[in-house]
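Enquirer: Structure in structure tokens, see below.
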DNA sequence: TCTTGACTTAGACATTGTCCAATGTAGGAT
DNA sequence: ATCCTACATTGGACAATGTCTAAGTCAAGA
């Protein structure tokens with residue numbers, strides 16, 4: 024993620040303090056924040072940043088393919104900076120935290136032609152649900 | 024779905040006009056309405072039914088395992104009455120409609136033990152995304 | 001350094017969902 | 001058949017998440 028800003032600048036992105044802090048917040052291992060969590064953390068470094076800017080920036084990062092949008096539960100969407108590695112998600116049904124996981128087979132090939140109903144299928148995501156060790160203890 | 028009401032009565036459900044129309048709306052092939060769509064359709068038969076009741080009833084049907092809650096896009100959740108058959112979903116990225124699909128392999132077995140991170144994994148859902156024939160034409 | 005179009009802001013608004021106190025009613029008891 | 005009462009429904013306030021707009025600000029090229 025460190026060279027993300029360079030890559031984006033190369034694509035004509037205007038580099039602002041706000042965008043920088045949003046990118047910095049997303050940087051990290053296994054981070055899956057909601058938009059408001061990103062806003063809260065960005066505000067620690069740049070107190071006057073507005074919610075609208077965070078939403079805008081996240082939306083742009085998704086469009087640019089740098090970040091994945093994950094909506095697992097009908098609550099707030101979460102943003103996954105690990106967009107360049109093929110992976111899926113393991114979600115705790117109780118607390119909502121997400122882990123990236125890697126699976127052994129290619130799920131796309133599991134959908135036979137007659138089950139595609141004329142769709143142009145372009146993407147597949149596998150979501151495992153369960154209870155995380157933390158919630159299991161409680 | 025026709026005997027749904029009987030099954031629920033057997034579980035101590037009090038049978039009201041409101042619950043009946045909600046169940047009737049959900050009855051059908053490949054129906055995946057949002058809560059407000061269910062409310063709109065239920066209102067045609069029972070004009071004074073309230074939104075709260077529709078939400079309550081849908082929530083109960085989910086708890087009872089008669090209906091599946093599907094949240095594919097961070098927009099409104101959709102309700103899938105096909106809960107008794109193992110299936111997955113094919114979603115149109117543009118218009119949001121959902122088809123039930125059946126796949127060839129068991130995705131649960133594709134997640135190796137070390138990738139479970141101590142979770143008690145209980146459920147897996149596979150979501151295919153693409154463009155439906157209708158939207159492709161436009 | 002100047003200029004300009006892109007970016008940011010605050011807050012109104014929209015959508016989806018939840019909660020609560022007051023009222024109504026299904027179905028067992030009599 | 002009627003009554004009782006616990007459970008269900010209602011409407012509207014509220015909450016959470018996300019979108020939009022008009023006005024002000026600023027990054028970066030000339």
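Protein chains in written order, with this note's numbering: chain A, 24 to 161; chain B, 24 to 161.
Each residue gets a CB set at the ideal place from its N, CA and C atoms; glycine is no exception.
These figures come from a predicted structure and were not determined experimentally.
(1) With 7 Å as the limit, tell me which residues of the stretch 117-135 of chain A have their beta carbon closer than that to any beta carbon of chain B; keep them in chain order.
(2) Ignoring anything shorter than 3 residues, give me the beta strand (DSSP E) runs that lie fully in the stretch 74-117 of chain A, in order along the chain.
(3) Is residue 138(A) close to chain B? Criterion is C-beta to C-beta, closer than 9 Å.
(4) Check each candidate in 147(B), 110(B), 132(B) and name the one with the smallest Cα separation from residue 10(A).
(5) If you drop the 5 nearest sequence neighbours on each side, which residues of the same chain put their C-beta closer than 6 Å to that of residue 42(B)?
(6) If you measure from the CB of residue 45(B), is any heavy atom of the ligand GDP nearer than 8 Å?
(7) Return the bridge partner residues of residue 153(A) from the DSSP annotation.
(8) Can you tell which of 46(B), 38(B), 33(B), 117(B) has its C-alpha closest to the C-alpha of residue 105(B)?
(9) Sort out for me which residues DSSP pairs residue 121(A) with in a bridge.
(10) Using only alpha-carbon positions, find the residue among 122(A), 60(A), 156(A), 141(A) that is nearest to residue 149(A).
(11) Just tell me which of 77(A), 140(A), 119(A) has its CA closest to the CA of residue 48(A).
(12) Between residue 39(A) and the rest of its own chain, which residues show a CB-CB distance below 8 Å, the 5 nearest in sequence each way excluded?
(13) Given that a residue counts as buried once 16 or more other Cβ atoms are within 10 Å of its Cβ, and exposed if not, what is residue 65(A)?
(14) Considering just the uninterrupted stretch of the alpha helix (DSSP H) at residue 38(A), what are its terminal residues?
(15) Just by C-beta distance, which residues in the stretch 140-160 of chain A are closer than 8 Å to chain B?
(16) Please confirm if residue 82(B) has its CB atom under 9 Å from at least one CB of chain A.
(17) Is the shortest distance between the beta-carbon of residue 47(A) and the beta-carbons of chain B less than 9 Å?
(18) Cα-Cα, which of 102(B), 86(B), 84(B), 69(B) is closest to residue 92(B)?
(19) Would DSSP call residue 24(A) helix, strand or coil?
(20) Would you kindly check if the distance between the Cβ of residue 151(B) and the Cβ of residue 111(B) is under 9 Å?
(21) What span of residues does the alpha helix (DSSP H) with residue 66(A) cover, start to end?
(22) Helix, strand or coil for residue 132(B), going by three-state DSSP, please let me know.
(23) Is the distance from the Cβ of residue 133(A) to the Cβ of residue 116(B) below 9 Å?
(24) Return the CA-CA distance between residue 44(A) and residue 87(A), expressed in angstroms with no decimal places.
(25) Given residue 32(A), which residues of its chain have a CB within under 8 Å of its CB, disregarding the five upstream and five downstream residues?
(26) Among the residues of its own chain, which have a CB less than 6 Å from the CB of residue 90(B), if the five just before and after it don't count?
Expert: According to the data block:
(1) Of all residues in the stretch 117-135 of chain A, 122, 124, 125, 126, 127, 128, 130, 133, 134, 135 have a Cβ within less than 7 Å of some Cβ in chain B.
(2) Within the stretch 74-117 of chain A, the complete beta strand (DSSP E) runs of at least 3 residues are 91-93, 101-103, 111-115.
(3) For residue 138(A), the answer is yes, since a Cβ of chain B falls inside 9 Å of its Cβ.
(4) Residue 10(A) lies beyond the residue range present for chain A, which begins at 24 and ends at 161; the question has no answer from this structure.
(5) Leaving aside the five residues that flank residue 42(B) on each side, the residues in its chain whose CB is nearer than 6 Å to its CB run, in chain order, 80.
(6) This structure lacks the ligand GDP; in fact it carries no ligand of any kind.
(7) 115(A), 144(B).
(8) Per the C-alpha coordinates, the member of 46(B), 38(B), 33(B), 117(B) positioned closest to residue 105(B) is 46(B).
(9) By DSSP's assignment, residue 121(A) forms a beta bridge with 114(A).
(10) Distances from the CA of residue 149(A) to each of 122(A), 60(A), 156(A), 141(A) were compared; the closest alpha carbon is that of 122(A).
(11) Out of 77(A), 140(A), 119(A), 77(A) has the C-alpha closest to the C-alpha of residue 48(A).
(12) Same-chain partners within the cutoff: there are none.
(13) It counts as buried.
(14) Unbroken run through residue 38(A): none, as it is neither H nor E.
(15) Against chain B - using a Cβ distance shorter than 8 Å - the residues of the stretch 140-160 of chain A are 140, 141, 142, 143, 144, 145, 146, 147, 148, 149, 150, 151, 152, 153, 154, 155, 156, 159.
(16) No, no contact with chain A.
(17) Between residue 47(A) and chain B, the shortest Cβ-Cβ separation is not below 9 Å.
(18) Nearest option by C-alpha distance: 102(B).
(19) Only weak support is given to the placement of residue 24(A): the predicted model assigns it a pLDDT of 49, under 50, and the question is left unresolved by the model.
(20) With a cutoff of 9 Å on beta-carbon distance, residue 111(B) and residue 151(B) are scored as near each other.
(21) For residue 66(A), the enclosing alpha helix (DSSP H) stretches over residues 58-68.
(22) DSSP places residue 132(B) in helix when its eight states are reduced to three.
(23) The answer is no: Cβ separation not under 9 Å.
(24) Just so you know, the alpha carbons of residue 44(A) and residue 87(A) end up roughly 17 Å apart.
(25) 38, listed in sequence order.
(26) Contacts found: 84, 102, 104, 106.
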